[in-house]
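Please read the structure below before turning to the comments.
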Amino acid sequence: MKKSNKKCLCCGSNCIQKWGNRNGSQRFRCKDCGYCFTLKNHSVKLRNQFVWFKKWIIEWQVYKYLIRDSGMSQTTIQKLLKTYLKAAPTIAIKSKTNVHLLIDASYFSNGLCLLLYYDHDIRYVQLYRTTNREKYKEIKGDLENLMKLNVAVYSVTCDGHKTILKAVRKIFPNAVIQRCLVHIKRQVKNYLSEHPKLLQAKELLSISSRPSKSRFFNF
């Protein structure tokens, strides 16, 4: 008799067979005691319902529309969202040698600051942090964690924020520090305005607008 990895909920026997469906769920029957039952896979259910969490986070959908589209009550949706929030994804370190790290902060309208430590070569986020602003102690702590994980940072590219520069020089003193040309051009444009009047300012704006083979500038 072929035995299954699944066990009977009544007697514990693994001699069970498929026994039709009920409400879209597979039913099973124990060949030893005759008990019929269905098995619930909570992890699969959570994966299938993750779409509502994405709509809430990415699309900013409110409960009104989540309730309408999912058919769940507000209480159920709130419990579901809390479940996902408590289970933060685990980020695995994929590269440790000669890492070219891009550190960048994105600010959102609700006051949230998302700080990313992005590996330029493999196009992968090695580490991230949610905070309210770029803080030296937090960035220093993140870099220390990367160092403890044996990540050898060869270069760091950032927008030139003082806290980032200070933290990098503290933890990875031998790393090459570069500033992203996108941020440089943006700053030049802010200083000169889009339509400067002085000839020198016009020439400088023209130079900063030229395409470049490199996106970075060494400090």
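Numbers in the working numbering are just positions in the sequence shown, counted from 1, shifted up by 25.
Glycine is no exception: its CB is placed at the ideal position from the N, C-alpha and C atoms.
For residue i, the three-state DSSP class (helix, strand or coil)
i	result
ASN39	coil
ARG194	helix
ARG211	helix
MET26	For MET26, the pLDDT reaches just 49, beneath the cut-off of 50, and the residue's location in the model is therefore unreliable, although a value from the coordinates is still provided. In the structure shown, MET26 sits in coil (DSSP, three-state: anything other than H, G, I, E or B).
For residue i, the nearest candidate out of the options (CA to CA)
i	options	result
TYR142	HIS125, SER233, ASN199, ASN135	HIS125
GLU169	THR155, ILE189, ARG158	ILE189
ASN123	ALA117, ILE147, TYR109, GLY136	ILE147
ILE116	VAL150, GLN74, ILE202	VAL150
THR156	TYR132, LYS165, PHE53	TYR132
GLN74	GLU163, LEU230, ASP94	ASP94
LEU64	GLN51, CYS58, HIS220	GLN51
THR108	CYS183, PHE78, TRP44	PHE78
ALA113	ARG154, LYS195, LYS121	ARG154
Range of the contiguous alpha helix (DSSP H) that encloses residue i
i	result
ALA117	No alpha helix (DSSP H) contains ALA117, which DSSP labels as neither H nor E.
TYR90	88–95
C-beta neighbour in chain C for residue i, strict 9 Å
i	result
VAL150	In summary, chain C is missing from the structure at hand, where a single protein chain is found.
Paired residues, beta bridge with residue i - DSSP
i	result
ASN46	GLN51
ALA130	LEU140
PHE62	PHE53
THR100	Note: THR100 sits in no beta bridge, so no partner.
Whole-angstrom C-beta distance between residue j and residue i, which should lie under 8 Å
i	j	result
ILE41	CYS33	6 Å
LYS80	LEU71	With a Cβ gap of about 15 Å, LYS80 and LEU71 do not count as contacting.
CYS55	SER38	6 Å
TYR179	ALA200	6 Å
VAL213	LEU224	That belief does not hold up - the Cβ atoms of VAL213 and LEU224 are roughly 16 Å apart, past 8 Å.
Where the beta strand (DSSP E) through residue i begins and ends
i	result
ILE202	201–205
VAL176	Where VAL176 is concerned, there is no enclosing beta strand (DSSP E), given that its DSSP letter is neither H nor E.
ALA224	According to the sequence displayed, residue 224 carries Leu and not Ala. LEU224 -> not in any beta strand (DSSP E); alpha helix (DSSP H) instead, spanning 224–233.
ARG154	149–156
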